[in-house]
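Since the structure comes first, as structure tokens, the remarks are kept for the end.
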Amino acid sequence: MSQPLGLLADVVPFSWVDGPGNRFAVFLQGCNLDCLVCHNPHTMPLQTPLARSVTVAELVDEVRPQAPYLSGVTVSGGEATLQAPFVAAWFDALREDPATAHLTRFVDSNGCADDEVWDLLLPRTEGVMLDLKALDLGTHLELTGSSNFPVLRSLDRLALAHKLAEVRLLIVPGRNDSEETLRRTGAYVAARAPGVPVRVIGFRPHGVRAAARSIPEPTPEERAHYGAWVAESVGADLVTVV
Ligand code: SF4
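Numbering of the sequence shown is given in the numbering used here, commencing with residue 132 and proceeding in unit increments.
Shown next as structure tokens:
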């Protein structure tokens with residue numbers, strides 16, 4: 132049977148910020164959200180001459196020389212789950228190759244994926260790092276152009292399957308950074324995904340589109356407050372602030 136092709140925006144052979152340890156990170160092209168504060172807007176369109184097409188075997192070949200020095204691989208984006216058949220085939224190939232079988236396989240996702248996608252990926256991944264852009268529907272619509280219902284559904288499914296490695300909250304001043312919102316968001320995550328680490332990420336303007344450049348970057352003190360409000364329910368030991 133023919134293997135699906137992957138459409139790549141970028142590859143980072145050694146990354147310390149895309150999951151646990153040292154990881155080979157693949158940024159897949161195309162996204163199903165339209166985030167105001169996207170740092171990589173060039174990864175959003177599915178059709179672009181800037182993307183690189185690869186086979187599963189070619190991408191395994193790229194990992195193999197680095198494999199002795201890696202903890203694992205991570206697929207990110209864009210939105211990695213839009214290319215779920217390719218991701219599944221690549222994860223299978225990595226698991227079957229003796230040189231790469233030791234690597235953990237993580238997915239970085241915005242959560243806009245249905246059951247069919249998770250049916251395919253959950254048996255093949257050790258964990259999913261899930262973005263929750265906003266708990267409130269109106270704020271999520273404003274920040275991403277889409278409802279957060281699929282994201283909240285994914286959060287529940289991943290938590291139940293014990294595959295939710297981390298919840299990531301991107302905090303945008305003036306949009307989703309109020310004390311009340313963050314306390315409530317922390318309480319929601321703690322109730323639905325107890326024991327799951329939460330990364331609180333303060334907005335940074337690098338790479339964003341013109342419409343978001345006037346949004347201020349939170350100060351270190353404001354970031355600390357964000358983390359403390361979320362930690363009230365989640366637990367300080369499970370919250371990282373960056
Ligand atoms: S989900 Fe990520 S890649 Fe997609 S638009 Fe939002 S920030 Fe950009």
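Note that CB positions come from ideal geometry on N, CA and C, so glycine has one too.
The structure displayed is predicted, hence computed values, not measured ones.
Helix, strand or coil at residue i according to DSSP, with G and I counted as helix
| i | result |
| --- | --- |
| L266 | coil |
| A244 | coil |
| F158 | strand |
| F280 | helix |
| G150 | coil |
| R335 | coil |
Extent of the continuous alpha helix (DSSP H) to which residue i belongs
| i | result |
| --- | --- |
| L138 | Where L138 is concerned, there is no enclosing alpha helix (DSSP H), although the beta strand (DSSP E) it sits in stretches over G137 to S146. |
| E227 | A215 to E227 |
| A188 | V187 to V194 |
Heavy atom of ligand 1 within 7 angstroms of residue i beta-carbon
| i | result |
| --- | --- |
| T205 | no |
| T179 | no |
| T212 | no |
| M260 | no |
| T174 | yes |
| N241 | yes |
Cβ neighbours of residue i in the same chain (closer than 8 angstroms, five flanking residues each side left out)
| i | result |
| --- | --- |
| F145 | N153, R154, F155, Q197, Y200 and L201 |
| H173 | A140, T179 and L181 |
| G326 | L369 |
| P349 | I302, P304, D308, G333, F334 and Y357 |
Euclidean distance between Cα positions of residue i and residue j
| i | j | result |
| --- | --- | --- |
| E297 | T316 | 14 angstroms |
| R236 | E363 | 31 angstroms |
| A215 | L251 | 7 angstroms |
| L268 | G137 | 32 angstroms |
| G366 | R354 | 16 angstroms |
is_contact[residue i, chain C] using C-beta, thresh 8 angstroms
| i | result |
| --- | --- |
| I332 | This model lacks chain C altogether; it includes just one protein chain. |
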